[in-house]
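Novice: First the structure, which I've put down as structure tokens, then a few questions once you've had a look.
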Amino acid sequence: MEQFKKNKEFIIEYFAAVSGVAKSRSLMEQFATDQGLIGHVEFFEAAFPKYEVLADEITAEDNRVVVRARFKGTHQGDLAGIPATYKSVEFPFAIGYEVENNKIVNHWLIADQMSLMEQLGATPKAEAVH
0 MEQFKKNKEF IIEYFAAVSG VAKSRSLMEQ FATDQGLIGH VEFFEAAFPK
50 YEVLADEITA EDNRVVVRAR FKGTHQGDLA GIPATYKSVE FPFAIGYEVE
100 NNKIVNHWLI ADQMSLMEQL GATPKAEAVH
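Position 58 (the sequence shown) corresponds to 57 in numbering that gives the first Met the number 0; numbering is contiguous.
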């Protein structure tokens, strides 16, 4: 199997392993050496325990895998000074990974943070512009 296909399968396995479960450091270290990614996951796990990540589209080339996905969770802990609201949220994000030897070694992330803040009630909902 070509390496880009193996990397895509690895990321599919990663999403399945971390979605909807407690994301411990030991679990994350099975898939990643990227400490920035591990820290990011720990930050969101504290605010949204056992959150889900749902892949909508996955593209791979060489050692890079890009995922268009959705985050789903319930706000049960502090999020950057916003106390728990116990509201369920769902927002889109895109994340790119660099994979080497079946480990995520680097990542980048773009998320719809405005949607998250609106759903938590931390900012008023933006009016639709036509």
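Ideal Cβ positions, reconstructed from N, Cα and C, are used throughout, including at glycine.
Which residues share a DSSP beta bridge with T84?
Specialist: Position 85 of the sequence shown, counted from the first residue, corresponds to residue 84. T84 is not bridged to any residue.
Novice: Output the distance between the C-alpha atoms of L26 and E126, rounded to the nearest integer angstrom.
Specialist: By one-based count along the sequence shown, residue 26 stands at place 27. By one-based count along the sequence shown, residue 126 stands at place 127. Roughly 41 Å between the two C-alpha positions.
Novice: With H, G and I counted as helix, E and B as strand and the rest as coil, what does DSSP make of Y13?
Specialist: Within the sequence shown, residue 13 is the residue found at index 14, counting from 1. Of the three classes helix, strand and coil, the one that applies to Y13 here is helix, per DSSP.
Novice: Short check: CB of G76 to CB of A46, under 7 Å?
Specialist: In the sequence shown, residue 76 corresponds to position 77, counting from 1. In the sequence shown, residue 46 corresponds to position 47, counting from 1. Their beta carbons are under 7 Å apart, which means G76 touches A46 by this criterion.
Novice: Secondary structure at H39, three-state DSSP: helix, strand or coil?
Specialist: Taking the first residue of the sequence shown as position 1, residue 39 is located at position 40. H39 falls in the helix class under three-state DSSP.
Novice: Closer than 8 Å by C-beta to E99: which residues in its own chain qualify, once you throw out the five before and the five after it? Chain order, please.
Specialist: Indexing the sequence shown from 1 puts residue 99 at position 100. Excluding positions up to five away in sequence, the list reads N62.
Novice: How would you label K22, buried or exposed, when you count the other beta carbons within 10 angstroms and need 16 or more for buried?
Specialist: Counting from 1 along the sequence shown, the entry for residue 22 is found at position 23. Buried, because 16 or more other Cβ atoms sit within 10 Å of the Cβ of K22.
Novice: So what does DSSP say about N105, is it helix, strand or coil?
Specialist: Looking up residue 105 in the sequence shown gives position 106. If DSSP states are grouped into helix, strand and coil, N105 belongs with the strands.
Novice: Drop a sphere of 10 angstroms on the beta-carbon of A31, count the other beta-carbons inside from all chains shown, and report buried for 16 or more, exposed for fewer.
Specialist: Mapped onto the sequence shown, residue 31 falls at position 32. Buried is the call here.
Novice: Do V65 and G95 have their C-beta atoms closer together than 7 Å?
Specialist: Here residue 65 corresponds to residue number 66 of the sequence shown, with the count starting at 1. Here residue 95 corresponds to residue number 96 of the sequence shown, with the count starting at 1. Going by C-beta atoms, V65 is nearer than 7 Å to G95.
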